[in-house]
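Structure first, commentary second.
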Amino acid sequence: MTAVSPPTLTSSQPKQLDDSVKLRDVINTLPKEVFVKNPRKAWTKVAINAVCVVLGYWTVAVSPWYLLPFAWIFLGTSLQGFFVIAHDCGHRSFSNRIWLNDLVGHIVTLPLAYPFHAWRILHNHHHKYTNNLDKDNTWTPFTTEIFDNASPALKWFYRRMRGWFWWMGSIAHWAKLHFNWSQFEGKQREQVRFSVLLVVAAMAIAFPALIITTGITGLIKFWLMPFLVYHFWMSTFTMFHHTMPEIPFKGEGEWNEARAQLSGTVNCKYPWWVEFLCHDINVHIPHHVTTAIPWYNLRQAHNSLVENWGEYLYPDCTFNWELVQKVTKVCHLYEEQDNYQSIEKYRLLSQQ
């Protein structure tokens, strides 16, 4: 599809959506065609993505040491593209057949050691409670009470994840939440158990085989480094989708679904090759209005939102050093009036 850039908004603070507006009201303004699944587009991009991943592994294998960082970046970003395909599968927007969504989702997340069903269920919870301070499970800021009661080790770790090591945040999220099937109930527990055991079995075969054939350096070269690049993008995308000094998290009593999804989500622009390899996932506002839109229709849906709801949208931003500083220097702890305050500011005020 043609990549049409939406109009650029000038204000950093979107107009507040009226309480009477429901999310369904926003969804009903979208063109019907943005919900239509196109198997040709979906499978063509799967094929292109698979070629890029294979090319990435080949490039890693043949590159001299001084070109390996470029090979890792290409491979890790291509693997992030795999995850975006799984993302559509998890939302059932890849195919009308649930079994096919699950099959493709498991296949493309396996190289990343990601239990598909665990991610799918937890991610759908994030969509249901986006920017809900009490219920969201993605980049939810600590309150000052939680921070004060945390151990010194947790405080140290949290500060790093909210600062210059933001790019490791999704690794902590992956390790902490996605392998414990006991936190799920009923059918979901069995689904998560299957996904976890599949990942464990695959890694129990793949890691020793990789070490035997290529040594520990091969494990680092072919898995760990691309894995870290993938998580750089995973952490970066998810953080900047909802974390801005102007975007509030709200407690259950104040939280408004339509406002959180429409005005609490950010489109962040990346270099063209990242957008291509990662399937436009950073055209993210329409995806939070409704997860039924396949990735290849996100730009059309966003143009419609700009036309009908533009004054309520957070303006598009561009991923750069200035944006990183804007978020990592301020967006640490929940603050009721200003949305966020830095840990350093909170400690200074606590000493007064």
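In my numbering, the protein residues as written are 1348 to 1699. All C-beta atoms in this analysis are idealised placements derived from N, C-alpha and C, irrespective of residue type, glycine included. From a predicted model like this one, the values you see are computed outputs, not experimental measurements.
- Identify, in the order they occur along the chain, each residue of the same chain with its Cβ nearer than 6 Å to the Cβ of L1624, setting aside the five sequence neighbours on each side. In the sequence shown, residue 1624 corresponds to position 277, counting from 1. Once the five neighbours on either side are set aside, the close Cβ partners of L1624 are T1424, S1425 and G1428.
- Task: Would you mind giving the Cβ-Cβ distance between F1616 and T1665, rounded to the nearest angstrom? I have them listed as a contact below 8 Å.
- Result: Within the sequence shown, residue 1616 is the residue found at index 269, counting from 1. Within the sequence shown, residue 1665 is the residue found at index 318, counting from 1. Just to set this straight, residue 1616 is Lys in the shown sequence, not Phe. Indeed they touch by this definition, with Cβ atoms about 5 Å apart.
- Task: Tell me, to the nearest whole angstrom, how far the beta carbon of H1578 is from that of W1514; I am working on the premise that it is less than 8 Å.
- Result: Here residue 1578 is taken as the residue at index 231 of the sequence shown, counted from 1. Here residue 1514 is taken as the residue at index 167 of the sequence shown, counted from 1. Contact holds; Cβ gap of about 7 Å.
- Message: Assuming contact is defined by CB atoms lying nearer than 7 Å, are W1466 and H1520 in contact in what I supplied?
- Response: For the purposes of this step, residue 1466 is identified with residue 119 of the sequence shown, where counting begins at 1. For the purposes of this step, residue 1520 is identified with residue 173 of the sequence shown, where counting begins at 1. No.
- Residue of L1457, L1364 and Y1643 minimising C-alpha distance to L1545: Along the sequence shown, read from residue 1 onward, the residue named residue 1545 stands at position 198. Comparing Cα-Cα distances from L1545 to each of L1457, L1364 and Y1643, the minimum goes to L1457.
- Item | Beta-bridge partners of F1489, as assigned by DSSP | In the sequence shown, counting from the first residue as 1, residue 1489 sits at position 142. DSSP output for F1489 lists L1680 as bridge partner(s).
- Task: Excluding the 5 residues preceding and the 5 following G1611 in the sequence, name in chain order all residues of the same chain whose CB lies nearer than 7 Å to its CB.
- Result: Taking the first residue of the sequence shown as 1, we reach residue 1611 at position 264. Correct list, in chain order: T1477, N1478, H1589 and I1594.
- Item | Local conformation of Q1427 per DSSP, three classes | Counted from its first residue, the sequence shown places residue 1427 at position 80. It is helical.
- Cutoff 7 Å; reference Q1608; Cβ partners in own chain excluding five residues on either side: The residue given as residue 1608 occupies position 261 in the sequence shown. Taken in chain order, the residues that qualify are L1370, T1477, H1635 and V1636.
- Query: When DSSP labels each residue in this structure, what does C1625 get in the three-state scheme?
  - Reply: Counting from 1 along the sequence shown, the entry for residue 1625 is found at position 278. In the structure shown, C1625 sits in coil (DSSP, three-state: anything other than H, G, I, E or B).
- So, do the region 1560 to 1578 and the region 1478 to 1492 have three or more beta carbon pairs nearer to each other than 8 Å? no
- Using the DSSP secondary-structure output, state which residues sit across from N1527 in a beta bridge. Counted from its first residue, the sequence shown places residue 1527 at position 180. Under DSSP, N1527 forms no beta bridge with any residue.
- Residue span of the alpha helix (DSSP H) that contains Q1688, given as start and end: Counting from one through the sequence shown, the residue named residue 1688 turns up at place 341. Unbroken run through Q1688 is the beta strand (DSSP E), N1686 to Q1688; no alpha helix (DSSP H).
- Item | Neighbour-count burial assignment, P1488, 16 or more Cβ in a 10 Å radius | Stepping through the sequence shown from its first residue, residue 1488 is reached at position 141. Counting Cβ neighbours within 10 Å, P1488 comes out buried, since at least 16 surround it.
- Message: Is the separation between the beta-carbon of L1566 and that of I1559 shorter than 7 Å?
- Response: In the sequence shown, counting from the first residue as 1, residue 1566 sits at position 219. In the sequence shown, counting from the first residue as 1, residue 1559 sits at position 212. No.
- Per DSSP, T1665 forms a beta bridge with which residues? What you label residue 1665 is simply residue 318 of the sequence shown in a count that begins at 1. DSSP lists K1616 as partners of T1665.
- Query: What residue from K1362, N1375, W1503 and K1392 has the CA that sits closest to W1642's CA?
  - Reply: The count along the sequence shown starts at 1 and reaches residue 1642 at position 295. Taking only the C-alpha atoms, the option nearest W1642 is K1392.
- Alpha carbon to alpha carbon, how far is S1494 from A1389? On the sequence shown, residue 1494 is found 147 positions in, with the first residue counted as 1. On the sequence shown, residue 1389 is found 42 positions in, with the first residue counted as 1. Residue identity check: residue 1494 is Phe in the sequence provided, not Ser. Computed Cα separation, rounded: 44 Å.
- Query: Can you give the Cα-Cα distance for S1697 and T1490, rounded to whole angstroms?
  - Reply: Taking the first residue of the sequence shown as position 1, residue 1697 is located at position 350. Taking the first residue of the sequence shown as position 1, residue 1490 is located at position 143. Whole-angstrom Cα-Cα distance: 14 Å.
- Message: Buried or exposed for Y1413, going by 16 or more other Cβ atoms inside 10 Å?
- Response: Position 66 of the sequence shown, counted from the start, is the residue given in the question as residue 1413. Classification for Y1413: exposed.
- Kindly confirm or deny that the region 1370 to 1381 and the region 1595 to 1606 touch, where touching means at least three C-beta pairs closer than 8 Å. yes
- Task: Pull up the distance between the alpha-carbon of N1385 and that of H1679, whole angstroms please.
- Result: Taking the first residue of the sequence shown as 1, we reach residue 1385 at position 38. Taking the first residue of the sequence shown as 1, we reach residue 1679 at position 332. So the alpha carbons of these two residues sit roughly 41 Å apart.
- Delimiting residues of the alpha helix (DSSP H) encompassing P1590: Walking along the sequence shown from the start, residue 1590 turns up at place 243. For the sequence presented, residue 1590 should be read as Thr rather than Pro. Neither: T1590 is in no alpha helix (DSSP H) and is coded neither H nor E.
- Could you tell me which residues DSSP pairs with N1479 in its beta bridges? As a working note, residue 1479 is residue 132 in the sequence shown. Bridge partners of N1479: K1597.
- Where the alpha helix (DSSP H) containing W1412 begins and where it ends: As a first step, residue 1412 is located in the sequence shown; it is residue number 65 there, counting from the start. Looking at the DSSP string, W1412 is not in any alpha helix (DSSP H), and its letter there is neither H nor E.
- Query: Helix, strand or coil for N1603 per DSSP?
  - Reply: Residue mapping note: residue 1603 aligns to position 256 of the sequence shown, counting from 1. Looking at N1603 - three-state DSSP - the assignment turns out to be coil, as it is neither helix nor strand.
- Message: Can you tell me whether E1654 is helix, strand or coil according to DSSP?
- Response: The residue you call residue 1654 lines up with position 307 of the sequence shown. It is helical.
- Item | H1634: first and last residue of the uninterrupted alpha helix (DSSP H) it sits in | Reading the sequence shown from its first residue, position 287 is the one you call residue 1634. It spans I1632 to V1636 - the alpha helix (DSSP H) in which H1634 sits, taken as one unbroken run.
- Item | Cβ-based burial, L1660 [other Cβ within 10 Å; buried from 16] | Residue 1660 sits at position 313 when you count from the first residue of the sequence shown. Classification of L1660: buried, given that the 10 Å Cβ count is 16 or more.
- How big is the Cα-Cα spacing for D1663 and P1555? As a first step, residue 1663 is located in the sequence shown; it is residue number 316 there, counting from the start. As a first step, residue 1555 is located in the sequence shown; it is residue number 208 there, counting from the start. For D1663 and P1555, the distance between alpha carbons rounds to 45 Å.
- Item | Residue of R1540, Q1538, F1531 and I1432 minimising C-alpha distance to V1451 | Indexing the sequence shown from 1 puts residue 1451 at position 104. If we check each option's Cα against that of V1451, I1432 comes out closest.
- Out of curiosity, what's the CA-to-CA distance linking E1622 and H1631? Stepping through the sequence shown from its first residue, residue 1622 is reached at position 275. Stepping through the sequence shown from its first residue, residue 1631 is reached at position 284. Separation of E1622 and H1631 (C-alpha to C-alpha, rounded to the nearest whole angstrom) is 12 Å.
- Task: Classify N1396 as helix, strand or coil using the three-state DSSP reduction.
- Result: Along the sequence shown, one-based indexing puts residue 1396 at 49. Three-state result, N1396: helix.
- Taking Cβ positions, are S1410 and G1516 nearer each other than 7 Å? The sequence position of residue 1410 within the sequence shown is 63, counting from 1. The sequence position of residue 1516 within the sequence shown is 169, counting from 1. No, Cβ-Cβ distance for S1410 and G1516 is not below 7 Å.
- Sorted by chain position, which residues of the same chain lie with C-beta nearer than 7 Å to E1682's C-beta, five sequence neighbours on each side aside? As a position in the sequence shown, residue 1682 is number 335, starting the count at 1. So the qualifying residues of the chain are Q1688.
- Task: Could you say which of K1362, V1407 and N1629 lies nearest to F1421 if we only look at CA atoms?
- Result: Working through the sequence shown from its first residue, we reach residue 1421 at position 74. Nearest option by C-alpha distance: V1407.
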